[in-house]
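Those sequence lines, one after another, are chains D and A. Here this note's numbering is used: the first residue of the first sequence is 1, the next is one more, and so on. Here this note's numbering is used: the first residue of the second sequence is 1, the next is one more, and so on. Even glycine gets a Cβ: it sits at the ideal position worked out from N, Cα and C. Treat the numbers as computed from the prediction; the structure is a model and nothing was measured.
2 protein chains.
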Amino acid sequence: MNRGAPYTRLIADLPATVPFLAPEAIERRDGRPLVLRLGANESAFGPSPRACEAMGVAAARAAYYGDPESYELRAALASHHGVRMEQLVVGSGIDDLLGLIVRTFLDRGEVAVTSLGAYPTFNYHVAGYGGTLERVPYHENANDLEALAAAARRTHARLVYLANPDNPTGAWHTTEDLGAFIERLPEHCLLVLDEAYSDFAPPEALPPMVGEDDPRVIRLRTFSKAHGLAGARIGYAVATAETIATFEKIRLHFGVNLLAQAGALASLADTDYLRGVVVAVAEGRRAYEALARDLGLTPLPSATNFVAIDVGGSAQARALMEALAARAVFIRMPGVPPLDRCIRVTVGTPAERALFATILREVWPR
Amino acid sequence: MNRGAPYTRLIADLPATVPFLAPEAIERRDGRPLVLRLGANESAFGPSPRACEAMGVAAARAAYYGDPESYELRAALASHHGVRMEQLVVGSGIDDLLGLIVRTFLDRGEVAVTSLGAYPTFNYHVAGYGGTLERVPYHENANDLEALAAAARRTHARLVYLANPDNPTGAWHTTEDLGAFIERLPEHCLLVLDEAYSDFAPPEALPPMVGEDDPRVIRLRTFSKAHGLAGARIGYAVATAETIATFEKIRLHFGVNLLAQAGALASLADTDYLRGVVVAVAEGRRAYEALARDLGLTPLPSATNFVAIDVGGSAQARALMEALAARAVFIRMPGVPPLDRCIRVTVGTPAERALFATILREVWPR
Numbered sequence: 001m002n003r004g005a006p007y008t009r010l011i012a013d014l015p016a017t018v019p020f021l022a023p024e025a026i027e028r029r030d031g032r033p034l035v036l037r038l039g040a041n042e043s044a045f046g047p048s049p050r051a052c053e054a055m056g057v058a059a060a061r062a063a064y065y066g067d068p069e070s071y072e073l074r075a076a077l078a079s080h081h082g083v084r085m086e087q088l089v090v091g092s093g094i095d096d097l098l099g100l101i102v103r104t105f106l107d108r109g110e111v112a113v114t115s116l117g118a119y120p121t122f123n124y125h126v127a128g129y130g131g132t133l134e135r136v137p138y139h140e141n142a143n144d145l146e147a148l149a150a151a152a153r154r155t156h157a158r159l160v161y162l163a164n165p166d167n168p169t170g171a172w173h174t175t176e177d178l179g180a181f182i183e184r185l186p187e188h189c190l191l192v193l194d195e196a197y198s199d200f201a202p203p204e205a206l207p208p209m210v211g212e213d214d215p216r217v218i219r220l221r222t223f224s225k226a227h228g229l230a231g232a233r234i235g236y237a238v239a240t241a242e243t244i245a246t247f248e249k250i251r252l253h254f255g256v257n258l259l260a261q262a263g264a265l266a267s268l269a270d271t272d273y274l275r276g277v278v279v280a281v282a283e284g285r286r287a288y289e290a291l292a293r294d295l296g297l298t299p300l301p302s303a304t305n306f307v308a309i310d311v312g313g314s315a316q317a318r319a320l321m322e323a324l325a326a327r328a329v330f331i332r333m334p335g336v337p338p339l340d341r342c343i344r345v346t347v348g349t350p351a352e353r354a355l356f357a358t359i360l361r362e363v364w365p366r
Numbered sequence: 001m002n003r004g005a006p007y008t009r010l011i012a013d014l015p016a017t018v019p020f021l022a023p024e025a026i027e028r029r030d031g032r033p034l035v036l037r038l039g040a041n042e043s044a045f046g047p048s049p050r051a052c053e054a055m056g057v058a059a060a061r062a063a064y065y066g067d068p069e070s071y072e073l074r075a076a077l078a079s080h081h082g083v084r085m086e087q088l089v090v091g092s093g094i095d096d097l098l099g100l101i102v103r104t105f106l107d108r109g110e111v112a113v114t115s116l117g118a119y120p121t122f123n124y125h126v127a128g129y130g131g132t133l134e135r136v137p138y139h140e141n142a143n144d145l146e147a148l149a150a151a152a153r154r155t156h157a158r159l160v161y162l163a164n165p166d167n168p169t170g171a172w173h174t175t176e177d178l179g180a181f182i183e184r185l186p187e188h189c190l191l192v193l194d195e196a197y198s199d200f201a202p203p204e205a206l207p208p209m210v211g212e213d214d215p216r217v218i219r220l221r222t223f224s225k226a227h228g229l230a231g232a233r234i235g236y237a238v239a240t241a242e243t244i245a246t247f248e249k250i251r252l253h254f255g256v257n258l259l260a261q262a263g264a265l266a267s268l269a270d271t272d273y274l275r276g277v278v279v280a281v282a283e284g285r286r287a288y289e290a291l292a293r294d295l296g297l298t299p300l301p302s303a304t305n306f307v308a309i310d311v312g313g314s315a316q317a318r319a320l321m322e323a324l325a326a327r328a329v330f331i332r333m334p335g336v337p338p339l340d341r342c343i344r345v346t347v348g349t350p351a352e353r354a355l356f357a358t359i360l361r362e363v364w365p366r
């Protein structure tokens, strides 16, 4: 009997892994709703009311495919960043764009470099497209730029992934550091600069967009964090026009949701709302920092919408995660040294933070 | 100077093509809005009001990532089809799932078979993943199942693509024909059965779902057509649990929009609305058929939400397309023989159909 087609060798040999266990899966496993959902760096402050309204209006037009060129959104983004539309591609979030980048640049067996403990979805795509991953440990709670560049040179890497500001630490590098880092990368190596948290970052962490004709860098931005549109799945890449034109050869042209395009466009225009979110998040970070210090713990400086808190050791962090999970609190912790001394908590609303503080004080052994 | 990473050989060698020119791109090119948008087989009757409401409610929760398992929707679909949840995966429309299938089953250089003039996005993915495409001409306005199976055997194909009901003809094969077709496929060949138009099809065109443990077939369904949710980007595949588990190794886990999941779930429950759409579409097909006959043209029998009309020859079809485009009417026509004698018109609302009839009567040379 015909047993159907065999999987490709590459796919057959892949392990069965998923990048993240979702909060919904935890709820189903435990048979109860979560009390706090502060593990995925979603925005506790929600989308802009204008974005919600735009999505509501767009819902009535949901029978029509969204514009595959995301023309209006790209025009607005080009104006916002001072780049040309040809330098922009819109995707279903940075996850989607990471897959597109890996597929475009990394041939089977070629090397991508990342930090050990950095964003797992990049690693997932590298494995899924048959690349080889080289991981460089964090150094003192930050990406080790020197070691990343050295690893890229040693392995003749095609891609280096760097989140700036960083997840899961919240740390950031300056424009100057990034410039020096790019200069140390080997020939034929591309920096995949994940700027998901850029809206929360200080200006000195964000290189100006004037360098976008630099073929050595692809920058990734998203509406999932400060804009509060994670569920809408929309982000974008800024690169050279040639690179973007190459993505056009293989990307899913009709893949971006019509409602998401409308919501992102409205959110981009609602600068007052975004500014308010950034202020509220900064306040939330300060509250977490004070809470941590009050418990004798060390908050890591963060330019994001979360705070990593050093609780003194891996065993302590794991025990604390278990205690919080037992109270139906969803947060995450880095899985590998040296960061596994930390827990990572997304900034919640004032009410969520107060509840988190209460529970943390109850479960943290003094 | 570092010139950035080179593209993979596969991607560098791909031609720059897009599967479809979008209606928005036509509007931008021509500098005016379209008068009729009847070219993409979108639902003129829109989404269910319940789906719109569900998406509006979900918009307020858009700051949260959608459930990567689409658990509630899959549970509802499993119940609807009488299959296990493990046999279902949800994606951002059939286009997304076609890419996933090609990536999973078609190694570089391996062959996929399709009809010459069938859905171009399948071909786009085959090229994009380095597969080889074997195309079999249509025979008398229908997929030539005998020739498709023979081509699959001759080329040792891994995949055969078949839309049933078919696009762009509207034709359909019976369950019996499909069963015989599957038996004629070679060892290690999978039928990719695109059932985007299944909601419009007569029961005899839809094999029961009991055979889903058959590893020789993957069935694809979408909310883009009868459910009127094309812009929400949501569809699903039904296959063996083993195949679905394999997709889990590489698919974009957080790729499906939260609003789309909510809209699809509500739409699936609104069976009265769906039934109404199917009735309205059947009425629209009859109107197009009468119109075509009245002009001395031949409508092809259709089990979809569009009608292909044979206008007598390729030159006539092209001239008619130009005349309609000049009147800002967006429809499509098959690009290759023998179907390029036809134009393809999506069923519109009664008002849209009346306007189309008026314009067609004005531009069609008697």
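From the DSSP secondary-structure annotation, give me the bridge partner or partners of residue i.
| i | result |
| --- | --- |
| C342 of chain A | A:D310 |
| F20 of chain A | Paired residue(s): none; F20 of chain A is not in a bridge. |
| H139 of chain D | D:A142 |
| V238 of chain D | D:L88 and D:R219 |
| R37 of chain D | D:F330 |
| P111 of chain D | Residue identity differs from the one stated: residue 111 of chain D is Val in this sequence, not Pro. Answer by DSSP bridge pairing, in chain order: D:T132. |
Compare the C-beta of residue i with all C-beta atoms of chain A and state if any pair is closer than 7 Å.
| i | result |
| --- | --- |
| A76 of chain D | no |
| N164 of chain D | no |
| E42 of chain D | yes |
| P68 of chain D | yes |
| H188 of chain D | yes |
| G130 of chain D | no |
| R361 of chain D | no |
| Y65 of chain D | yes |
| A201 of chain D | no |
Taking the alpha carbon of residue i as the reference point, which residue from the options has its own alpha carbon closest?
| i | options | result |
| --- | --- | --- |
| A201 of chain A | A:H188, A:M209, A:R318 and A:G170 | A:G170 |
| M209 of chain A | A:T175, A:L185 and A:A147 | A:T175 |
| D144 of chain D | D:R286, D:A239, D:V277 and D:T114 | D:T114 |
| Y420 of chain D | A:S267, A:A149 and A:E27 | For residue 420 of chain D there is no data in the structure shown, the boundaries of chain D being 1 and 366. |
| R154 of chain A | A:V111, A:A260, A:V238 and A:A196 | A:V111 |
| R74 of chain D | D:V217, D:D214, D:Y64 and D:E86 | D:E86 |
| E134 of chain D | D:P120, D:E140 and D:S198 | D:P120 |
| A59 of chain D | A:L258, A:G179 and A:R275 | A:L258 |
| P137 of chain A | A:R353, A:L268, A:L339 and A:L360 | A:L339 |
Which class does residue i belong to by DSSP, given the choice of helix, strand or coil?
| i | result |
| --- | --- |
| Y124 of chain A | helix |
| D199 of chain D | helix |
| P47 of chain D | coil |
| D194 of chain D | strand |
| A152 of chain D | helix |
| P350 of chain D | helix |
| I369 of chain A | Since the displayed chain A opens at 1 and closes at 366, residue 369 of chain A lies outside it and no answer follows. |
| S70 of chain D | coil |
| G91 of chain A | strand |
| L159 of chain A | strand |
| L14 of chain D | coil |
| R233 of chain D | coil |
| R9 of chain D | helix |
| S267 of chain D | helix |
| E134 of chain D | strand |
| T298 of chain A | strand |
Against chain D, with Cβ distances strictly below 7 Å, would residue i count as a contact?
| i | result |
| --- | --- |
| H173 of chain A | no |
| R3 of chain A | yes |
| Y119 of chain A | no |
| L268 of chain A | no |
| F82 of chain A | The amino acid at residue 82 of chain A is misidentified as Phe; the sequence shows Gly. So no, G82 of chain A is outside the interface. |
| E24 of chain A | yes |
Indicate, with yes or no, if the ligand GDP has a heavy atom lying under 6 Å from the CB of residue i.
| i | result |
| --- | --- |
| T132 of chain D | Of the ligands one can find in the structure shown there are none, so the ligand GDP has no counterpart to examine. |
- Which of the residues in the region 5 to 18 of chain A, read from start to end, lie with their CB under 9 Å from any CB of chain D? Shown in chain order are the members of the region 5 to 18 of chain A whose Cβ falls below 9 Å from a Cβ of chain D: A5, P6, Y7, T8, R9, L10, I11, A12, L14, P15, A16, T17 and V18.
- Task: Compile a chain-ordered list of the residues in the region 243 to 260 of chain D whose CB is closer than 7 Å to at least one CB of chain A.
- Result: Cβ contacts with chain A come from A245, T246, E248, K249, I250, L252, H253, F254, G255, N257, L258, L259 and A260.
- Query: Of all the residues that make up the region 46 to 60 of chain A, which are near chain D by a beta-carbon distance shorter than 8 Å?
  - Reply: Listed in chain order, the positions of the region 46 to 60 of chain A with a beta carbon within less than 8 Å of a beta carbon of chain D are G46, P47, A51, C52, M55, G56, A58, A59 and A60.
- Anything in the region 92 to 117 of chain D with a Cβ closer than 9 Å to a Cβ of chain A? List those residues in chain order, please. Only S92, G93, D95, D96, G99, R103, T104, F105, L106, D107, R108 and E110 from the region 92 to 117 of chain D bring a Cβ to less than 9 Å from some Cβ of chain A.
- Task: Closer than 7 Å, Cβ to Cβ, to anything on chain A: give me those residues from the region 207 to 238 of chain D, in chain order.
- Result: Taking 7 Å as the Cβ-Cβ cut-off against chain A, the residues of the region 207 to 238 of chain D that qualify are P215, R216, G228, L229, A230, G231, A232 and R233.
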